[in-house]
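Data block below; observations after.
Number of protein chains: 2
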Amino acid sequence: MRDVNLQEAIELLKQEGFKQTGKRKMMLELFDKHDRYMTAKEVLEEMSLEFKGLSFDTIYRNLSTFVSLNILEETELSGEKHFRFVCNSGHHHHHFICLDCGKTRQIHTCPMSALDENLSGYDISGHKFEIYGTCPACQ
Amino acid sequence: MRDVNLQEAIELLKQEGFKQTGKRKMMLELFDKHDRYMTAKEVLEEMSLEFKGLSFDTIYRNLSTFVSLNILEETELSGEKHFRFVCNSGHHHHHFICLDCGKTRQIHTCPMSALDENLSGYDISGHKFEIYGTCPACQ
DNA sequence: TTGTTAAAACGGAATCATTCTAATTTGAAA
DNA sequence: TTTCAAATTAGAATGATTCCGTTTTAACAA
């Protein structure tokens, strides 16, 4: 399941005319392996083991490329951007996010579908529903 | 309605042993007057008209004091903290937030109450539900 | 009213995440 | 291989936020 994502992501890069570099490959493998929200710093630290002298700029540039290609999704937790592989479950959903380890659990209830409010006149561009706490493994 | 909040806030400060300063008073009046989410920078700019040489430290310290006293509530929009008077409607609710002007509209539907998921084993510490877009006045 | 004291405010430096810049390296197509 | 745009680099710049040592001031008591 997750392998599909990794392979698809690498394919997508090629399709869209982006170069395949060892760094990009390792970044994607990292996200695939960990399957949780990670910060740029965490990514840099783990990648630095293999690539000495890796620049923050490279990390951020690639993260943002991946987000624009819909390979990664992004959320902001306590002032820091966090990234994870987009879930490939095929339908819109939300997340419980463990504030300790960054792992998530899908929430299939979307509040927008059952919204009992009259918002005519309001131009809605997005919404965010996240549940925070500690996952069973971290307790 | 809003006056109640302002008065209550000033009372609360006194009750909790905080000093009443002209700056704190003006900050609270600002939030009361604008009734929308504002950044520290916006607050500083408007306060600087009256208090020359006002320090960012003062703004942030007071904002954080107000949040801890539950006078202000805080959310993060595009990497910046935003603050507004807590709504005194007396019940838990969420917000539509206008990304242009920061004004909000209450959303009374809370996704947590109708959550159709089994999260036993998960320790839930909070949740966030916000709808973003443009309010009628800003279109 | 005045003196005392701890809280508040000040200015400026420090920090932290993130982005930019200009120069260098490299993947991939011809 | 050669070529060239894309990717990467180091380090500077930015922007928000916090920290620090010093000075000012609100509140309370004498």
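Each protein sequence line maps, in turn, to chains Z and A.
FYI, the numbering for the first sequence is 342 to 480, going by the working numbering.
FYI, the numbering for the second sequence is 342 to 480, going by the working numbering.
We treat Cβ as the ideally placed atom computed from N, Cα and C, and that holds for glycine.
Bear in mind that the values here come from a model prediction, so they are computed numbers and not experimental data.
- M367 (chain A) and I400 (chain A) have their C-alpha atoms roughly 11 Å apart.
- The three-state reading of DSSP puts T445 (chain A) in strand, counting E and B together.
- Chain Z has no Cβ within less than 9 Å of the Cβ of L404 (chain A).
- In this structure, C451 (chain A) sits away from A478 (chain A), with a CB-CB distance that is not shorter than 9 Å.
- Assigned with DSSP and collapsed to three states, I465 (chain Z) falls in strand.
- By the rule that beta-carbons nearer than 9 Å mark a contact, R377 (chain Z) does not touch chain A.
- With a threshold of 16 other beta carbon atoms within 10 Å, L390 (chain A) falls short and is exposed.
- E414 (chain Z) sits close to R425 (chain Z), with the two beta carbons spaced by under 9 Å.
- Within chain Z, no residue has its CB atom less than 8 Å from the CB of I400 (chain A), the nearest being about 17 Å off.
- Taking 9 Å as the cut-off, the Cβ atoms of F372 (chain Z) and T406 (chain Z) do not count as close.
- Assigned with DSSP and collapsed to three states, I400 (chain A) falls in helix.
- In this structure I448 (chain Z) is buried. Its beta-carbon is surrounded by 16 or more other beta-carbon atoms within 10 angstroms.
- Contact of R425 (chain A) with chain Z by beta-carbon distance below 7 Å is absent, the smallest such distance being about 17 Å.
- R365 (chain Z) is not bridged by DSSP to any residue.
- Given a length threshold of 3 residues, each whole run of the beta strand (DSSP E) inside the stretch 378 to 436 of chain A is given here in chain order: 413 to 418 and 421 to 426.
- Listed in chain order, the non-local C-beta contacts of E357 (chain A) below 8 Å within the same chain comprise L410, local neighbours out to five positions each way being set aside.
- Taking the C-beta atoms as reference points, F392 (chain Z) is found no nearer than 9 Å to A381 (chain Z).
- Using a 10 angstroms sphere on the CB of H436 (chain Z), the tally of other CB atoms reaches 16 or more, which defines it as buried.
- Contact annotation: Y378 (chain Z) and G467 (chain A) have beta-carbon atoms that are not nearer than 9 Å.
- The alpha carbon of E421 (chain A) has as its nearest neighbour, out of A:E387, A:E383, A:S454 and A:M388, the alpha carbon of A:E383.
- Taking all protein chains in view, the Cβ of T362 (chain Z) is surrounded by fewer than 16 other Cβ atoms within 10 Å, so the residue is classified as exposed.
- Taken in chain order, the members of the stretch 426 to 459 of chain A whose beta-carbon sits within less than 9 Å of a beta-carbon on chain Z are H435, F437, C439, L440, R446, Q447, I448, H449, T450, C451, P452, M453, A455, L456, D457 and E458.
- Between I412 (chain Z) and A350 (chain Z), the beta carbon gap of about 5 Å places them in contact (Cβ cut-off 8 Å).
- With respect to chain A, the C-beta atom of K469 (chain Z) has a partner C-beta closer than 9 Å.
- DSSP, read as helix, strand or coil, puts F470 (chain A) in strand.
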